[in-house]
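Chemist: Provided herewith is a single structure, encoded as structure tokens, for subsequent inquiry.
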Amino acid sequence: MYRYPEDYALRSASELDLALSAVPAYRDWRAVDPGPQAPLDERCAALPLLNKAHLRAHGLEAFLAPGHALAEGLARGAIDTVSTSGTTDEQMVLTWNQAWWNASEAASWTLNRHAAQAGLADHAEALLTSPLSTGVPSPDGKPLAMLRRRLGRFLYLNEHLDSAAWPDTHIRRMVRELDAFRPVVLEGSPTLLARFARRSVELGLRCWQPRLIVTSYEFPSRVLLRQVRRAFDAPIMSSYGCTEAGCVLTQCEAGCFHQNAAFARVEFQPLAARFGKPGVGRIALTSFGNPWRVLLRFDVGDLVRLRPPETPCACGRTDGIVADAVEGRVNDVTFDARGQLVTVDELDRRASGVNDVLEYQVTQNATDSWTACAVCGRDGAIAELAAALGDLYGGRVAVALVAAIPAEVSGKHRLARCAASFSEAMFEGPMRAP
Ligand SMILES: [Zn+2]
């Protein structure tokens, strides 16, 4: 068992009681609740998981705590609504409570020494993401003036939908704007950070050095981070969270992911034993203290690899779960020729073993068929990548050289896609606090 803060069980129970007693979206869940006299873990285990389809089907009002009304909250500016981008299945409108997000983010900074030492609070922060993730899209594809991309303490560096088509004028502009804005933190998606870093180095441009680089929005591929490090000296911290649940896991200075236990309860369900990956499983999230969206047991669709509780992280933090890695999305797992599951993290470890692979994406077409495309910085890298992937999957993997890996409809990039269907249950055992 991991150690949790003293009030963790109490906060978990009070969110549970609030949701079941007074939040409309959970009305149907009451029938399966063994009741407040039962142990907390037993109560949680009896309940279903919440997923995006449920969030969409119930609508925003159904997740409000008593005493909160959407129209009133919007009118007085306590909340906003945000649309997440993506395919029809992924798109969603959510309430956005900036004050709660800020508090969740500030708590997450205490989980990394570099973030804590940078004295983050009202610091200047530049963001380098697809405008579909956050920021201001250009309505007509033309550049937007810097002033239109400033919001509070933030500067959104990129307004263009296709980062693969950035002209050098855009790279130079971002370098100039970083120089002028002097952000303490540069946060971005790994793909866009890497593309910017790579091209600015090629152009011989020296970038403003922030105190900290934070990656979010996508899996932090080693292949991409390697390029970011060529342009930036600052420590890189991966922040794992989502619009629905806030900042949930933060990478510490020693590289492990620690739970933001003051703001989220994390439950874990292991992968089926036949995959032979003890400690790897999916997580469900319960938010603490966000009255504008009472979120219980949200299946966020990501895999983590837990660090055994008897092997504490070198950083000394002991509150909440500790993961050695966020292993990537459940939907992005692939399978080798023997039917063994390959997580995005495992794939990335193998692909990153080949120097000068700059971007890549693997697609599994059938149980015994894989293809890949890659951006390579040297002749020969593509053949080495094909060999490494062939070894990983136990079959031939044809790799095509491309100019860039295209983004998904959401504006994010994926390292793996699985078009083959595998019907067997992927997880087994209870979903519970580890
Ligand atoms: Zn640590």
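Count along the sequence shown starting at 1, add 2, and that's the number in this note's numbering.
Every residue, glycine too, gets a C-beta built ideally from N, C-alpha and C.
1) Return helix, strand or coil for Ile407, following the three-state DSSP convention.
2) Looking at C-beta atoms only, is the number of pairs between the stretch 161 to 169 and the stretch 220 to 231 that lie closer than 8 Å three or more?
3) Count the other C-beta atoms from every protein chain shown that fall within 10 angstroms of the C-beta of Ser202, then say buried if there are 16 or more, exposed otherwise.
4) What first and last residue would you give for the alpha helix (DSSP H) that runs through Asn104?
5) Would you call Ala418 buried or exposed, if buried means 16 or more other Cβ atoms sit within 10 Å of its Cβ?
6) For ligand 3, is there any heavy atom lying closer than 7 Å to the beta carbon of Cys378?
7) Count the other CB atoms, across all protein chains shown, that sit within 10 Å of the CB of Arg295; report buried if there are 16 or more and exposed otherwise.
8) On the three-state DSSP scale, how would you describe Gly303?
9) Compare the C-alpha of Thr288 against each of Gly379, Arg5, Arg13, Tyr6 and name the closest.
10) From Cys249 to Pro50, what distance separates their C-alpha atoms?
11) Using the beta carbon as the reference atom, which residues fall closer than 6 Å to any heavy atom of ligand 1, ordered along the chain?
12) To the nearest angstrom, report how far apart Ala147 and Glu161 are at their CA atoms.
13) Grab the span of the alpha helix (DSSP H) containing Tyr10 for me, first residue to last.
14) As a quick exercise: from Glu329, Ala126, Pro280, Val359, pick the residue whose alpha carbon is nearest that of Arg184.
15) Within a Cβ cutoff of 6 Å, which residues of the same chain sit near Ala327, ignoring the five residues on either side of it in sequence?
16) So what's Leu149 in DSSP terms, helix, strand or just coil?
17) Who are the near neighbours of Ala406 in its chain, counting only those whose CB is closer than 7 Å to its CB and skipping five residues on each side?
18) Quick check on this structure: which residue in Ala80, Thr86, Val95 has the alpha carbon closest to the alpha carbon of Asn104?
19) For the 8 Å Cβ check, are there 3 or more pairs between the stretch 361 to 372 and the stretch 313 to 333?
20) Is the beta carbon of Ser191 sitting closer than 8 Å to the one on Tyr158?
21) Have a look at Ala71 and Ala77 and give me their C-alpha separation to the nearest angstrom.
22) Report yes or no: do three or more beta-carbon pairs, one from the stretch 9 to 25 and one from the stretch 296 to 305, lie closer than 8 Å?
23) Buried or exposed: which applies to Asn292, given that a residue is buried once 16 or more other Cβ atoms fall within 10 Å of its Cβ?
24) Do you know whose CA, among Thr217, Ala422, Leu205, Arg174, lies nearest Asp338's CA?
25) Do you know offhand how far Gln211's Cα is from Ala409's?
26) Would you report the Cα separation of Ala256 and Phe429, rounded to the nearest angstrom?
27) Let me confirm a value: Arg155 is counted as buried when at least 16 other C-beta atoms fall within 10 Å, else exposed. Which label applies?
28) Just curious, the beta strand (DSSP E) that Leu130 is in, first and last residue?
29) Based on Cα-Cα distance, which residue from Val356, Asp393, Arg398, Ser85 lies nearest to Ala383?
30) According to the neighbour-count rule (16 or more other Cβ atoms, all chains shown, within 10 Å of its Cβ), is Leu438 buried or exposed?
31) For Gln363, which residues in the same chain have their Cβ closer than 8 Å to its Cβ, ignoring the five residues on either side in sequence?
32) Using the C-alpha atoms, what's the distance from Ala21 back to Ser106?
33) Less than 6 Å between C-beta atoms, sequence neighbours within five positions excluded: which residues of the same chain meet that for Glu269?
34) Give the secondary structure of Met239 by DSSP, where H, G and I count as helix, E and B as strand, and everything else as coil.
35) Note down, in chain order, each residue of its chain lying with its Cβ closer than 7 Å to the Cβ of Glu44, except the 5 sequence neighbours on either side.
Modeler: The relevant details are as follows:
1) coil
2) no
3) buried
4) 100 to 111
5) buried
6) This structure lacks ligand 3; its bound ligands are ligand 1.
7) buried
8) strand
9) Arg13
10) 23 Å
11) Cys254, Ala256, Cys258, His260, Cys315, Cys317, Arg319
12) 10 Å
13) 10 to 24
14) Ala126
15) Arg307, Asp347
16) helix
17) Ala166, Glu361, Val377
18) Ala80
19) no
20) no
21) 10 Å
22) yes
23) buried
24) Ala422
25) 27 Å
26) 29 Å
27) exposed
28) 127 to 130
29) Val356
30) The chain is shown from 3 up to 436; residue 438 falls before or after that span and cannot be answered.
31) Ala374, Cys375, Ala376, Ile407, His415, Arg416, Leu417, Ala418, Arg419
32) 20 Å
33) Ala286, Met433, Arg434, Ala435
34) strand
35) Pro36
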